[in-house]
Amino acid sequence: MDLQPPVLERMSRQLSAWEQSSDPRAVFLGCYTLMTQNMLGAIQAGEFHDPEWVGELLEHFAGYYFTALDQYDNPDHTAPAVWQLTFDSARQPGMHVLQNLLLGVNAHINYDLILALGDMLEPDWERLDPAGRERRRTDHDHVNRIIGRTLDAVQDTILERQAPEMELVDRLLGPFDEWLISSLVERWRDQVWGDAVNRIERTAEKERELLRVEFENEC
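Heads up: the sequence shown at position 145 corresponds to 145 in my numbering, and the numbers run straight through without jumps.
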């Protein structure tokens, strides 16, 4: 029997618990789990220049999400402000499933990914030649395609299940609604690359911390 990678195992375990308790945080995590499954498939299929690096980034990136979740569930509520808002909002009555999803995507990309990507780029950044840096960037950009391939499944298995009216929207707009979300995420991820590189190229820790706070406030 094939064992799930640790990151996917934890996602699946948490998602199952939330679905059983009707916790609305399952909306984002359901999407994230589908995306992670597709990313692991793409890594195994050889779609990246450096599959080992992408796999390590995938796990490290997920670590930021689970750290924020653990902090939020701590009585002290020490989660980053953007995640505090996201998790609180998910539990608000009347919060639409699409709003719930996009708040999670925003926090994980526009905050967590900047930090996680920087962590993974920094150890090799100075020694990489321009071609090596471009390969890292190409791998980062290729994730956009996998996101695009995942969105239809997210709509069918997560959004429409909780908001049946989304099925009508999907029929009326065809692939246009998925294209809108994919384009938004692609723009965010393009900005994330520049922000991550900008931060790791700052040598003063105070400057880096100021940038981190700025990223969090802008989410």
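For glycine and all other residues, C-beta sits at the position ideal for the given N, C-alpha and C.
When we look at the beta-carbon of H108 and count the other beta-carbons within 10 Å, is it buried (16 or more) or exposed?
Classification of H108: buried, given that the 10 Å Cβ count is 16 or more.
Verify whether the separation of the beta carbon atoms of I114 and R208 is less than 8 Å.
Cβ atoms of I114 and R208: not closer than 8 Å.
If you draw a straight line from the alpha carbon of G55 to that of R10, how long is it in whole angstroms?
Cα to Cα, the separation comes out at about 16 Å.
Given a threshold of 16 other Cβ atoms within 10 Å of its Cβ, counted over all protein chains shown, does H77 qualify as buried or as exposed?
The residue in question, H77, is exposed, as its Cβ has fewer than 16 Cβ neighbours within 10 Å.
Excluding sequence positions up to five away, which residues of its chain have a Cβ less than 8 Å from the Cβ of D119?
Counting only Cβ-Cβ distances below 8 Å, and skipping sequence neighbours, we find H60.
For the segment 30-116, list the alpha helix (DSSP H) runs that are entirely contained and at least 4 residues long, ordered along the chain.
Runs found: 51-73, 81-90 and 97-107.
Is A196 buried or exposed, if buried means 16 or more other CB atoms sit within 10 Å of its CB?
Buried: at least 16 other Cβ atoms inside 10 Å.
Helix, strand or coil, according to DSSP, for L173 in the structure here?
Only weak support is given to the placement of L173: the predicted model assigns it a pLDDT of 46, under 50, and the value that follows is read from those uncertain coordinates. Here L173 sits in helix by DSSP.
Sorted by chain position, which residues of the same chain lie with C-beta nearer than 7 Å to I147's C-beta, five sequence neighbours on each side aside?
Excluding residues within five positions, the ones whose Cβ falls inside 7 Å are M35, S182 and V185.
Along the alpha helix (DSSP H) that carries S12, what are the first and last residues, could you check?
S12 -> alpha helix (DSSP H) spans P6 to Q20.
For the pair the segment 38-52 and the segment 91-105, tell me if three or more CB-CB distances fall below 8 Å.
No, they do not touch.
Ordered along the chain, which non-local residues of its own chain (more than five positions away) have a Cβ less than 7 Å from that of V154?
If we look at V154 and ignore the five residues flanking it on each side, its Cβ neighbours are C31 and L34.
I'd like to know whether the C-beta atoms of F28 and V82 end up nearer to each other than 8 Å.
No, Cβ-Cβ distance for F28 and V82 is not below 8 Å.
Leaving out five residues before and five after I158 in sequence, what residues of the same chain have Cβ atoms less than 7 Å from its Cβ?
Excluding sequence neighbours, I158 sits near V27, G30 and C31.
Assuming L57 contacts P5 under a Cβ cut-off of 8 Å, what Cβ separation, rounded to an integer in Å, is found between them?
Incorrect: roughly 13 Å between the Cβ atoms, too far for contact.
With 16 other CB atoms within 10 Å as the buried threshold, where does R145 fall?
So R145 counts as exposed.
Need the endpoints of the alpha helix (DSSP H) that P130 sits in, please.
It spans P130 to V154 - the alpha helix (DSSP H) in which P130 sits, taken as one unbroken run.
Between the alpha carbons of A116 and S21, how many angstroms are there, rounded?
The straight-line gap from Cα to Cα measures roughly 30 Å.
Could you tell me the alpha carbon to alpha carbon distance between D112 and Y65, rounded to whole angstroms?
In a straight line, the C-alpha of D112 is about 7 Å away from that of Y65.
Helix, strand or coil: how does DSSP classify A204 here?
Three-state result, A204: coil.
For A68 versus P80, is the C-beta distance shorter than 8 Å?
Yes, they are a contact pair.
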